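Residue numbers (the numbering used here): 50 to 288.
Just so you know, even glycine gets a beta-carbon here, dropped at the ideal spot from N, CA and C.
Keep in mind it's a predicted model, so treat the numbers as computed, not measured.
See below for the structure under consideration.
See the structure below:
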């Protein structure tokens, strides 16, 4: 199911949509713009993993992650669920990426429904129509567009307004802080950026060898903590 334009949500909820109807776009064309270089505001409006922390030379792989995509997204179908007193989210994957939309959606849903995560304090329900949050897996250049004015430099993910934007380059290569544990890195970045959307700020490592708070910028480094993809006590104290 292809969505024919990019939706760039900034400070409000995404516009009403269905699986077959495009969400509203601030831009007249889905063409990807050049990488933004302006830093975004601190706090509520936008948040990104930065500054850029690139893993060491990525391993050879038969999977290719394009730097630029068409700016069109497939929306993952979702069963009808009661959504009263819940935060709803919709999962989208940019066309041309080597990931099945339904598999990405299942991974994200499993992560957000895990009681080790935000589900311990928040009710999060996946839908395929109008949603409070839009969780997007996008190519690096589309990520830069959706995250502007944050400087994601083609390698970082962000939360910008109601958009949770996951960079497909990181989704594939991960970060040095997680070594070869790509699944846990993906859980981390889903929880980190969704945490911003739920109102949680960045926090620091509480002590040497302690589990890293999920709101620590673990893509950048661990500051002496141990990699951890789930919210810790320091995260929950942030609100």
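Sequence-distant residues of its chain with Cβ nearer than 7 Å to residue i (five each side left out)
i, result
"residue 127", "175, 176, 177"
"residue 252", "262, 264, 265, 283, 284, 287"
"residue 278", "233, 236, 237, 240, 263"
"residue 157", "140, 184, 239"
Contact belief for residue i with residue j at Cβ below 8 Å, rounded distance in angstroms
i, j, result
"residue 201", "residue 192", "6 Å"
With 16 other Cβ atoms within 10 Å as the buried cut-off, status of residue i
i, result
"residue 159", "exposed"
"residue 238", "buried"
"residue 112", "exposed"
"residue 258", "exposed"
"residue 197", "buried"
Distance CB(residue i)-CB(residue j) smaller than 9 Å
i, j, result
"residue 240", "residue 161", "yes"
"residue 280", "residue 166", "yes"
"residue 211", "residue 183", "yes"
"residue 247", "residue 137", "no"
"residue 226", "residue 271", "yes"
"residue 214", "residue 231", "no"
"residue 190", "residue 117", "yes"
"residue 228", "residue 168", "no"
Sequence-distant residues of the same chain with beta carbon closer than 8 Å to residue i, five excluded per side
i, result
"residue 125", "139, 140, 141, 142, 150, 151, 153, 154, 175, 177"
"residue 256", "273, 274"
"residue 119", "79, 143, 144, 145"
Sequence-distant residues of its chain with Cβ nearer than 6 Å to residue i (five each side left out)
i, result
"residue 221", "114"
"residue 129", "none"
From the options, residue whose alpha carbon lies closest to that of residue i
i, options, result
"residue 144", "123, 214, 116", "123"
"residue 180", "133, 190, 121", "133"
"residue 242", "186, 203, 254, 228", "186"
"residue 218", "276, 157, 146", "146"
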